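Chains as they are written, first to last, in numbering that gives the first Met the number 0: chain H, 0 to 315; chain D, 0 to 247.
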Amino acid sequence: MSENTIKALVIAEHDNDSLSIDTLRTIQAATTLPNVEITLLIMGHQCQSVAEAAAKISPLSSIKVADHDTFEHILAESASELVAEVGTEYSHILAPATTFGKNILPRVAALLDVGQLSDVIELESEDTFIRPIYAGNAIAKVKSNDNKKLMTIRTSAFDSVEVGQDSTTSITPLTNTYQNQASEFVSVEKTKSERPELPAARVVVSGGRGLGSKENFELVEKLADKLNGAIGASRAAVDAGYVSNDLQVGQTGKIVAPELYIAVGISGAIQHLAGMKESKVIVAINSDPEAPIFQIADYGLVGDLFEIMPELVEAI
Amino acid sequence: MKILVAIKRVIDPYVKIRVKSDGSGVETNNVKMAMNPFCEIAVEEAIRLKESGIAEEVIVASLGETSCQEQLRSALALGADRAIHVDTPSPEPLVVAKTLKALMEKEQTGIVLLGKQSIDTDNNQVAQMLSALTNSPLATFASKVSVEGDKVLVTREIDGGLETLRLELPAIISTDLRLNEPRYASLPNIMKAKRKPLEVLKPSDLGITVSASLEILQVLPPKERQAGELVSNVAELVDKLKNEAKVI
Chain H
0 MSENTIKALV IAEHDNDSLS IDTLRTIQAA TTLPNVEITL LIMGHQCQSV
50 AEAAAKISPL SSIKVADHDT FEHILAESAS ELVAEVGTEY SHILAPATTF
100 GKNILPRVAA LLDVGQLSDV IELESEDTFI RPIYAGNAIA KVKSNDNKKL
150 MTIRTSAFDS VEVGQDSTTS ITPLTNTYQN QASEFVSVEK TKSERPELPA
200 ARVVVSGGRG LGSKENFELV EKLADKLNGA IGASRAAVDA GYVSNDLQVG
250 QTGKIVAPEL YIAVGISGAI QHLAGMKESK VIVAINSDPE APIFQIADYG
300 LVGDLFEIMP ELVEAI
Chain D
0 MKILVAIKRV IDPYVKIRVK SDGSGVETNN VKMAMNPFCE IAVEEAIRLK
50 ESGIAEEVIV ASLGETSCQE QLRSALALGA DRAIHVDTPS PEPLVVAKTL
100 KALMEKEQTG IVLLGKQSID TDNNQVAQML SALTNSPLAT FASKVSVEGD
150 KVLVTREIDG GLETLRLELP AIISTDLRLN EPRYASLPNI MKAKRKPLEV
200 LKPSDLGITV SASLEILQVL PPKERQAGEL VSNVAELVDK LKNEAKVI
């Protein structure tokens, strides 16, 4: 090993069964560091299959597995203690910028008394990174002067690493365990929806105030279902009570970057645009030809959405 | 119990920000400022805990220049009891967390409520860091908070659903958008807020040294999107999506 090899640790997100796509993308982000040697840290309970799958990822040089019931529900306290301890050997620690990674990594940073970079979209060099600020309305190039660089990765900015056929990466079991003294897992309730999740969806159909009522939101749902997409909403639609606020797309809601984003009856306030302007193709349907949404839409259709939407569902 | 709420002054979320042409940052002169929306939700939750008899006192704190006292006054108008301004130009999350740790110890607070992230730096770090520094239990992205004796039950918004944790007090909680609907301050309450106590401290009063580990080399505007085309009917739209954009 040459002296200037970068030792990077990637924190794996998984469901005790398989690695998340966000993890595969975070490993890809780590590979963009110069002369890097990547270790994957898997914390979980009865997560042998996760480790076996990870062993087939060739950019990894080693895998560490902490398999213990402490890590069954990855609580921030015990998980960050483990990462901080394992992390002492590494100069770079990366986690996906999901609710999993965001919950743990800043805690690790404080335990190690270093700063942390959030939502990194490019690793320019071993100490210089690019990340969006102001909900993507500005892009900052940041140099970290810490001895350890901790960062969460905006996974939509990276491809996945490929999972090969052969298990070639060595797996080291860890025996460190930490008990959560003051916090306790109670329950988890997974959203059971036929629709894909908003941040991961390939297609998002969003409705705004123009829909006029909660009942009319069905027009958005029908189109989303036809396209196997997720539904979203503007803050105006949420405030008017058309949908619950976990569907809000925007600076204070979810930030999405699907392949196709269809904005229905949404004027395109800055707050909303911040949450969706990285989408690959944007379609706007609005009765007001002056609506700002048309300035960023690839395809715009001016007209009455109550006529257009049923016709569109029919035509697709 | 006392509740400490950390709030931040940020550019109003409805303002279109301008990146300075020299790449040094974002223009904040003569720009409308506001309380960070996630912090408003934290303030609201603290006030509700007081109204339900669980909290005796709600203390709001902000780190920043003198101007952040405006946002502290807003929080007082919403129902907070007193405010602490820690006078320092915008520090990094770790310094904020260290300062809040000192305030937590000074005030002996039972719950610290923070927004999950500020909409300027978008870090989403302070609550987590504070939890690590104080060795207090943590619940981020809260959509429901209920205090049961000396414990607090928090439902968290996680990717793909909701998770519920039970934390011992003192606990650190960061708020998600779904937690509540913040109220507006009434004019009489705004007037009353002017007479509520606002203490000004220097970081050094709390034994904090402000340092920075991150250096912003350059701030650039994102790539502008080009306006596309208007289509005349549904058939043309579907045709474009299928054959030109190839997304359906």
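For glycine and all other residues, C-beta sits at the position ideal for the given N, C-alpha and C.
Remember, predicted model here, so these are calculated numbers, not experimental data.
Please work out which residues of its chain come closer than 7 Å, Cβ to Cβ, to residue i, disregarding the five sequence neighbours upstream and downstream, and give them in chain order.
{"i": "glutamine 247(H)", "result": "Ala232, Arg234, Val237 and Lys253"}
{"i": "valine 30(D)", "result": "Ile10 and Val14"}
{"i": "leucine 311(H)", "result": "Leu222"}
{"i": "proline 92(D)", "result": "Asn122, Gln124, Val125 and Met128"}
{"i": "glutamate 196(H)", "result": "Ala229"}
{"i": "proline 105(H)", "result": "Gln115"}
{"i": "alanine 76(D)", "result": "Ala184, Asn188, Ile189 and Ala192"}
I'd like the list of long-range same chain contacts for residue i, defined as Cβ closer than 8 Å, with 5 residues on each side in sequence excluded.
{"i": "histidine 13(H)", "result": "Ser19, Thr22, Ile41, Gly43, Cys46 and Val49"}
{"i": "aspartate 287(H)", "result": "Ser266 and Val301"}
{"i": "glycine 179(D)", "result": "At residue 179(D) the sequence reads asparagine, which differs from the glycine that was named. If we look at asparagine 179(D) and ignore the five residues flanking it on each side, its Cβ neighbours are Ile40, Glu43, Glu44 and Arg47."}
{"i": "valine 141(H)", "result": "Leu116, Thr127, Phe128, Ile129 and Arg130"}
What span of residues does the beta strand (DSSP E) with residue i cover, start to end?
{"i": "glutamate 156(D)", "result": "150–157"}
{"i": "methionine 150(H)", "result": "148–152"}
{"i": "serine 182(H)", "result": "182–189"}
{"i": "arginine 165(D)", "result": "160–167"}
Using C-beta distances below 6 Å, list every residue in its chain close to residue i, excluding the 5 sequence neighbours before and after it, in chain order.
{"i": "methionine 0(H)", "result": "With a pLDDT of 47 at methionine 0(H), under the threshold of 50, the modelled position of this residue cannot be trusted; read the value that follows with caution. The answer is none, since no qualifying residue turns up."}
{"i": "glutamine 68(D)", "result": "His84"}
{"i": "glutamate 156(D)", "result": "Phe140, Ser142 and Asp175"}
{"i": "serine 169(H)", "result": "Ser61"}
{"i": "valine 94(D)", "result": "Val209"}
{"i": "arginine 194(H)", "result": "Ala229"}
{"i": "arginine 24(H)", "result": "Thr154, Phe157 and Ser159"}
Alpha helix (DSSP H) containing residue i: first to last residue?
{"i": "threonine 98(H)", "result": "98–110"}
{"i": "leucine 23(H)", "result": "20–30"}
{"i": "phenylalanine 305(H)", "result": "304–314"}
{"i": "leucine 222(H)", "result": "217–225"}
{"i": "isoleucine 129(H)", "result": "Premise fails: isoleucine 129(H) lies in the beta strand (DSSP E), 127–132, not in any alpha helix (DSSP H)."}
{"i": "isoleucine 269(H)", "result": "269–272"}
{"i": "leucine 186(D)", "result": "186–192"}
Consult DSSP for residue i and reduce its assignment to one of helix, strand or coil.
{"i": "isoleucine 45(H)", "result": "At residue 45(H) the sequence reads glutamine, which differs from the isoleucine that was named. Correct three-state label for glutamine 45(H): coil."}
{"i": "valine 82(H)", "result": "helix"}
{"i": "glutamate 91(D)", "result": "coil"}
{"i": "methionine 0(H)", "result": "At methionine 0(H), the pLDDT of 47 sits below 50, so the modelled position is not reliable; the number obtained from the coordinates is stated separately. Three-state DSSP puts methionine 0(H) in coil, outside helix and strand."}
{"i": "glutamine 247(H)", "result": "strand"}
{"i": "isoleucine 56(H)", "result": "coil"}
{"i": "glutamine 127(D)", "result": "helix"}
{"i": "lysine 142(H)", "result": "strand"}
{"i": "serine 142(D)", "result": "strand"}
{"i": "proline 291(H)", "result": "helix"}
{"i": "aspartate 86(D)", "result": "strand"}
{"i": "glycine 209(H)", "result": "helix"}
{"i": "threonine 87(H)", "result": "coil"}
{"i": "serine 73(D)", "result": "helix"}
{"i": "glutamine 107(D)", "result": "coil"}
{"i": "alanine 54(D)", "result": "coil"}
{"i": "asparagine 122(D)", "result": "coil"}
{"i": "aspartate 238(D)", "result": "helix"}
{"i": "glutamate 196(H)", "result": "coil"}
In chain H, what lies closer than 8 Å to residue i by C-beta?
{"i": "alanine 74(D)", "result": "Simply none; closest approach about 18 Å."}
{"i": "arginine 177(D)", "result": "Ser243, Asn244 and Asp245"}
{"i": "threonine 13(D)", "result": "Checking the sequence, you will find tyrosine at residue 13(D) rather than threonine. Those are Ala268, Ile269 and Gln270, listed as they occur along chain H."}
Residue i touches chain H at which residues, Cβ-Cβ below 7 Å?
{"i": "threonine 120(D)", "result": "Ile132"}
{"i": "valine 18(D)", "result": "Ala137"}
Starting from the beta carbon of residue i, find every residue of chain D whose beta carbon is closer than 8 Å, and list them in chain order.
{"i": "isoleucine 307(H)", "result": "Val233"}
{"i": "aspartate 297(H)", "result": "Gly227, Glu228 and Ala244"}
{"i": "arginine 106(H)", "result": "Gln127, Met128, Ser130, Ala131 and Leu137"}
Rounded C-beta distance between residue i and residue j? I'm assuming under 8 Å.
{"i": "valine 113(H)", "j": "aspartate 145(H)", "result": "4 Å"}
{"i": "glutamate 167(D)", "j": "alanine 181(H)", "result": "4 Å"}
{"i": "valine 263(H)", "j": "isoleucine 284(H)", "result": "5 Å"}
{"i": "leucine 205(D)", "j": "threonine 87(D)", "result": "Actually they do not touch by this definition, with Cβ atoms about 10 Å apart."}
{"i": "alanine 170(D)", "j": "serine 135(D)", "result": "6 Å"}
{"i": "valine 246(D)", "j": "glutamate 313(H)", "result": "Actually they do not touch by this definition, with Cβ atoms about 18 Å apart."}
{"i": "isoleucine 335(H)", "j": "isoleucine 37(H)", "result": "No information on residue 335(H) is available, as it lies outside the stretch 0 to 315 that chain H covers here."}
{"i": "valine 280(D)", "j": "tyrosine 298(H)", "result": "Beyond the ends of chain D as shown, which are 0 and 247, falls residue 280(D); an answer cannot be given."}
Listing by chain order, which chain D residues have their CB less than 7 Å from the CB of residue i?
{"i": "lysine 189(H)", "result": "Gly159 and Gly160"}
{"i": "valine 294(H)", "result": "Residue identity differs from the one stated: residue 294(H) is glutamine in this sequence, not valine. Those are Ala226, listed as they occur along chain D."}
{"i": "glycine 252(H)", "result": "Leu176"}
Which residues in chain H sit within 9 Å of residue i, going by Cβ to Cβ distance?
{"i": "leucine 216(D)", "result": "Thr127, Ala139, Lys140, Val141 and Lys142"}
{"i": "serine 89(D)", "result": "Near serine 89(D) there are no residues of chain H at all, since even the closest Cβ is about 12 Å away, more than 9 Å."}
{"i": "threonine 163(D)", "result": "Phe184, Val185, Ser186, Val187 and Glu188"}
Is residue i close to chain A, meaning its C-beta is less than 8 Å from at least one C-beta of that chain?
{"i": "glutamate 71(H)", "result": "Judged by its chain identifiers, the structure shown contains no chain A, and its protein chains are H and D."}
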